[in-house]
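Report on the following structure.
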Amino acid sequence: MNKQHTLGIIGFGGMASHHNQSLIDYERVKVKGVFDVNIDRLKYAEELGLVAYSSKEELLADEEIDIVLIATTNEVHKELSIEAMAAGKHVICEKPVTLDSNELIEIMEASQKYGKIFTIDQNRRTNKDFILMRRNVEGGAIGKPYVIESRVEGSRGMPTGWRTIKELGGGMMLDWGVHLIDQLMHMVDEKVTSVYCKMYNIEYSEVDDNFRLTMTFESGLTAHIEVSTNNYITHPRWYVLGTMGTLVVYDWDCNGKIVRCIDKENKWEEEIVYTKAGPTKTMAPRNENTTESIDLTEPMDVVDHISVVYDQFVDAIEGKAELTITPEQALRVMKVMEASFLSAETNLAIETDI
Ligand SMILES: NC(=O)c1ccc[n+]([C@@H]2O[C@H](COP(=O)([O-])OP(=O)(O)OC[C@H]3O[C@@H](n4cnc5c(N)ncnc54)[C@H](O)[C@@H]3O)[C@@H](O)[C@H]2O)c1
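Residue numbers are given in the working numbering: position 345 of the sequence shown equals residue 336, and the series is strictly consecutive.
Structure (structure tokens):
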């Protein structure tokens, strides 16, 4: 039988509870206990039958624990990750891995120094809507893609608390931007050559509660990423333009379709066409017989679950495979986010070599 690893959690809030719940039936890792600075969360952990450590030092001194999850607020991810590795633990850290790329480089040096595996919970690489879009685009269903639009939009504002405070790593770029940028950089194997970002402070002055980012890849492929907390009418989750068609995925339930060209032979009228908006030639409706529409459906073979992230982590710890979510990848994402903050501050497009 394979070894079962023992996990200690530092920071037992909402997301760590989700990890704990998800790992109940996961054979490769057993959660032993938690440390949190909030006594109520420690009491809750005890109610769940977990060990409540009185300090992080006590947790890190527990020799049975070989892996540690860092799921605190973002400003302490760096110091806690390094401390855990120095104590001999492998570390999985929540996203955003750190507040900036220099902090992440310190973690990477510690990982080398102590010989410990370090990974990041970029769990949204396994989201079905993303995989559905990616498979169809990479399968050539719409020809060569040249614009990918990725959006998540809510209308309830940001949750109160640390997400509204800059020094704790609040704001939507670090919260959701990190996922959406990671998805696209994971999909598109090219350098990012420029970044232009506009950030908004609709409700909170300290941190971005909405942003719009344009990232250009080396081939000219452009990605538009928008995260909003103030949209009462939403756009589709994915909208992709290719040379031979258009793909839309409306929502996380994977409702969507592709409309693609089956006949490029499109005879232009001699005369101008009259629409309700007046005369036009270019925008006159196309003959429907020259396109086909294909409904998309949820990819049932995809596991959209946190265990996928743990599988690659545990495989790496056991020397069975290389990590698939690496600090080097996270470093590129951090650099794109840094360029985005700079762009928003200066109102300029930033040339990058990331
Ligand atoms: N991967 C995802 O999909 C996802 C989703 C939500 C949150 N997150 C990430 O998870 C982390 C936690 O977010 P959350 O929503 O659970 O927040 P939360 O506020 O619910 O939980 C954070 C917990 O950390 C504790 N904490 C803070 N500083 C600490 C310290 N120095 N030592 C020990 N405990 C400390 C707090 O008391 C709190 O209980 C963040 O990094 C966030 O970005 C990831």
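Think of the CB as a built atom: it goes at the ideal place given N, C-alpha and C, for glycine as much as any other residue.
Note that the structure is a prediction, hence the values are computed from the model and not measured.
- Counting only runs of 3+ residues, no beta strand (DSSP E) is found wholly inside the stretch 310 to 334.
- Taking every protein chain shown into account, the CB of ARG323 has 16 or more other CB atoms within 10 angstroms, so this residue is buried.
- Excluding residues up to 5 positions away in sequence, MET149, GLY161, TYR195, GLU197 and VAL198 lie with their Cβ nearer than 7 Å to the Cβ of THR155 in the same chain.
- In the structure shown, the three-state DSSP call for LYS267 is coil.
- Distances taken from the Cβ of ARG32 to the heavy atoms of ligand 1 include one shorter than 7 Å.
- DSSP places ARG251 in the uninterrupted beta strand (DSSP E) bounded by 247 to 252.
- Every beta strand (DSSP E) of 3 residues or more that sits fully in the stretch 27 to 102 is shown, in chain order, as 58 to 61 and 81 to 84.
- Excluding residues up to 5 positions away in sequence, VAL264 lie with their Cβ nearer than 6 Å to the Cβ of ALA275 in the same chain.
- Taking 7 Å as the cut-off, the C-beta of GLU158 does not count as close to any heavy atom of ligand 1.
- Burial state of ASP292 is exposed, judged by a 10 Å Cβ sphere holding fewer than 16 other Cβ atoms.
- Annotation: the continuous beta strand (DSSP E) that includes ASN201 extends over 201 to 208.
- Counting only the Cα atoms, HIS10 lies some 9 Å from VAL22.
- Selection CYS245, GLY24 and GLY130 evaluated against GLU54 yields GLY24 as nearest (Cα-Cα).
- Taking the Cβ of ALA77 as the reference point, every heavy atom of ligand 1 lies at 7 Å or farther away.
- In chain order, GLU197 and VAL198 place their CB closer than 7 Å to the CB of LYS157, counting only its own chain and leaving out the 5 sequence neighbours on each side.
- Per DSSP, the beta-bridge partners of ILE0 are VAL25 and LEU60.
- Linking ILE122 to GLU261 through their CA atoms gives a straight-line distance of about 44 Å.
- Non-local beta-carbon contacts of ASP120 in its own chain, meaning distances under 6 Å to residues more than five positions away in sequence, involve ARG228, VAL240, TRP243 and CYS245 in chain order.
- Residue environment for VAL294: exposed (fewer than 16 other C-beta atoms within 10 angstroms of its C-beta).
- For ALA275, there is no enclosing beta strand (DSSP E), as DSSP marks it with neither H nor E.
- With respect to ASP112, GLU85 sits close: the two C-beta atoms are nearer than 8 Å.
- According to the DSSP assignment, ARG126 belongs to no beta strand (DSSP E) but to the alpha helix (DSSP H) extending over 119 to 129.
- Per DSSP, reduced to three states, the secondary structure at MET164 is helical.
- The alpha carbon of ILE249 has as its nearest neighbour, out of GLN12, ASN280, LEU212 and THR288, the alpha carbon of THR288.
- In the DSSP annotation of this structure, the continuous segment of the alpha helix (DSSP H) that includes ALA7 starts and ends at 5 to 14.
- Note on geometry: alpha-carbon atoms of PRO270 and TRP259 lie some 14 Å from one another.
- In terms of Cβ geometry, VAL218 and PRO87 do not form a close pair [threshold 8 Å].
- In the three-state reduction of the DSSP assignment, TRP243 falls in the coil class.
- Three or more Cβ pairs closer than 8 Å define a contact, and the stretch 13 to 21 meets that threshold against the stretch 300 to 308.
- The three-state secondary structure of ALA307, taken from DSSP, is helix.
- When Cβ pairs closer than 8 Å are counted between the two stretches, the stretch 59 to 69 is seen not to touch the stretch 36 to 45, the count staying below three.
- Between SER141 and the set GLY152, ARG115, LEU175 and GLY2, the nearest pair of CA atoms involves LEU175.
- Of LEU339, LEU333 and GLN320, the smallest CA-CA separation from ILE345 is found for GLN320.
- DSSP places MET176 inside the alpha helix (DSSP H), whose first and last residues are 169 to 178.
- If you look at ALA214, you'll find it in the beta strand (DSSP E) that goes 213 to 219.
- Rounded to whole angstroms, the Cβ separation of TRP167 and VAL186 is 17 Å, and the two are not in contact under 8 Å.
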